[in-house]
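The listed protein sequences derive, respectively, from chains A and B.
Numbering (the working numbering) for the first sequence: 1 to 463.
Numbering (the working numbering) for the second sequence: 1001 to 1120.
No residue lacks a Cβ here, since even glycine has one placed at the ideal position from N, Cα and C.
These figures come from a predicted structure and were not determined experimentally.
Have a look at the structure below, then the notes.
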Amino acid sequence: MSRLRGYSRFLAPAALAAVAIASTPGAAYAQGAAAPAINQGDTAWMLISTALVLLMTPALAFFYGGLVRSKNALNTMMMSFIALGVVGISWALAGYSLAFAPGNDFVGDLSRVFLRNVGLEAQGTIPHVLFMSYQGTFAIITAALISGAIVERMRFGAYMVFIALWSLVIYGPVAHWVWGGGWLAKMGALDFAGGTVVHVNAGVAALVAAMVLGQRKDFARQAFLPHNVPLVLLGAGLLWFGWFGFNSGSALTSSPSAALAFTTTFLAPMGTLVVWALLDLMRNGKVTAVGAATGIVVGLVAITPAAGFVSPMSGLILGCLAAFPSYYALVWRARTRLDDSLDVVAAHGLGGTVGALLTGVFAEKAWNGTTDGVLFGNPGQFLIQATAVGAAIVYSGVGSFALLKLIGLVMPLRAEGNEEGVGMDVTQHGEEAYAEGEAAILVLPTGDVKVGATAMAAEGGRA
Amino acid sequence: MKLVVAIVRPDRVPAVLEELYKAEVQGLTISRVQGHGGEREHVETYRGTSVKMELSDKVRFEIGVSNHFVEPTVRAVLKGARTGEVGDGKIFVVPVEKVFRIRTGEEDEKAVTPVKMATT
């Protein structure tokens, strides 16, 4: 049975009902023989999955926030948090329609803008509004992922404009290609939960953004150390937790397929974590905490496209293998002049690519019901996977570059050098992550200021 | 001997250290401090509360040097710390009455002259 997202609409109704019934042991809920009906078990699981995936964006904020310097902690975390707002809204206004409305092979039409025709009717076996919300959480985190490449220097306003437009112009069409019935779906590309749509897409945009924005001002002259490694670990842990909704929820049903995706999401990062730790051990003689957190994320990224298509043991092996390219890319990147500050390219771009390609190797019809990979006698699948990855790289690369250049014509993308020096928290947000408040002078609504108990007139009158 | 006390911007610290290293100044102590030297204070807002931050974060260098090392030390700090904006900081050169190196009990000039480090 096919579990490709968006696919259910294109299946014959009878097949769909069969899938729905097969996915609910006991079939406690009466299913219409032909018309797709809402399944309560599926709906319950997808409600939970949607909340789980939404949690991944705050989790990413912690992961990224811990990796930067303390003077930029809030700015970095806000880049993820603000995506919950601006990308979520652009998704509801138009993004959902571009990704999932019928349209053509390349982009959805405008029949669902402003959530028109998105009601309580069944989309697959869950209410349409829930399907829309679930997919929206993916758009949000994909845009937020890009921020890792441009932290500590991009103006917050320009960033908000960028991710809002990026989610429409880049994410929407790529999601349509793979999940909305577009040309990659028709070609048979396998992307269970977004290795190509989410991770390759965001990774390439990150590469382009890091190059367009340029290096941080003290890049290669000064060490940029993570200011709070416990936050990084907290973020990695919460990402893993949320990722069960991301991958397992991508079955769109509460079904054996969801259970398989859950299990591979459970096993693959374990393999990556251990291999990463061993690589660390061989290279530095020590297993590092930042390395462990990174390894977990890379494993999650790599299993994403494969989650419901490979056997559990294949998932574990895939996770182990995925550690190598990302680990060495990360080590190598640090010696280059590319300031992809938090290594989005190595972790997500490369991790997603490896995962998508290995999906074409390890996919197993005995487990997914539809498609075999190279190891099981279907070498053609590898080429299809490579085509999908290549298409995402080209489109996201060119599109993100053009978008950033266009925005750059209207407003500066980068903060001033001295703002970067003082820190983005104070200069972009007027707040500090770890304010002591020793020198804080209260500005009263009257314009007066209060130092301890003594009130005096504000000199500048600024408030 | 003199004690060179320099108050600089935190983000200039790597540059200052680099210049001091080039000038072969080896013994120093730094601490995070807050101060106010005429630069514009900034306003922060937390929910309904607005505050003016009168003090800015600075880093204080304390460098004990023998007399002939004062000038290169000061020049190195000037070079590394200067941005040209208000708030670049100050350098104070302070006379020192006595210096002791704790490990050996050496005094004064000897105590502030770096010893060749034994490789460990």
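query	result
Three-way DSSP call (helix, strand, coil) for K286/A in this model	coil
Within chain B, the residues that A37/A reaches when beta carbons sit closer than 8 Å	Simply none; closest approach about 48 Å.
Uninterrupted beta strand (DSSP E) stretches inside the stretch 418-444 of chain A (no shorter than 3 residues)	440-443
Counterpart residues of V1051/B in DSSP-defined beta bridges	L442/A, E1044/B
Closer than 6 Å: R155/A CB and nearest the ligand SAH heavy atom	This structure does not include the ligand SAH; it has no bound ligands of any sort.
Short Cβ contact (7 Å threshold) for I126/A with M46/A	yes
C-beta neighbour in chain B for E152/A, strict 7 Å	no
Below-7 Å beta-carbon distance, V68/A vs any chain B residue	no
Proximal chain A residues relative to L1020/B, where beta-carbon distance stays under 9 Å	Result: empty, since nearest Cβ-Cβ is about 15 Å, beyond 9 Å.
Interface flag, L1078/B vs chain A, CB-CB below 7 Å	no
Collapsed DSSP secondary structure at R1032/B in the structure displayed	strand
Whole-angstrom distance between V298/A and V1038/B, CA atom to CA atom	Going by the sequence as given, residue 1038/B is Gly instead of Val. Going by the C-alpha atoms only, they are around 48 Å apart.
Within 7 Å, strictly: CB atoms of H1036/B and E1062/B	no
Beta-carbon gap between V212/A and I163/A smaller than 7 Å	no
Residue(s) in a DSSP beta bridge with K1002/B	V1065/B, P1095/B
Extent of the continuous alpha helix (DSSP H) run through K1022/B	1013-1022
P127/A - DSSP class collapsed to helix/strand/coil	strand
Proximal residues to F241/A (C-beta, below 8 Å), its chain only, five neighbours per side dropped	L52, L55, A59
Local conformation of D448/A per DSSP, three classes	strand
Within 7 Å, strictly: CB atoms of G108/A and S97/A	yes
Where D105/A sits in the DSSP three-state scheme	coil
Close Cβ partners of D105/A (< 6 Å) along its chain, the five nearest in sequence each way excluded	G182, W183
Burial state of S23/A, where buried means 16 or more other Cβ atoms lie within 10 Å	Any reading at S23/A is ruled out, since the residue's pLDDT is 42, under 50, leaving its predicted position unreliable.
Given 8 Å, three or more beta-carbon pairs between the stretch 305-321 of chain A and the stretch 257-265 of chain A	yes
CB contact below 7 Å: E419/A versus chain B	no
A28/A versus T43/A - alpha carbon distance	Residue placement at A28/A is poorly supported in this model, since its pLDDT is 38, which falls under 50; the coordinates still yield a value, given next. If you take the alpha carbons of A28/A and T43/A, they lie about 14 Å apart.
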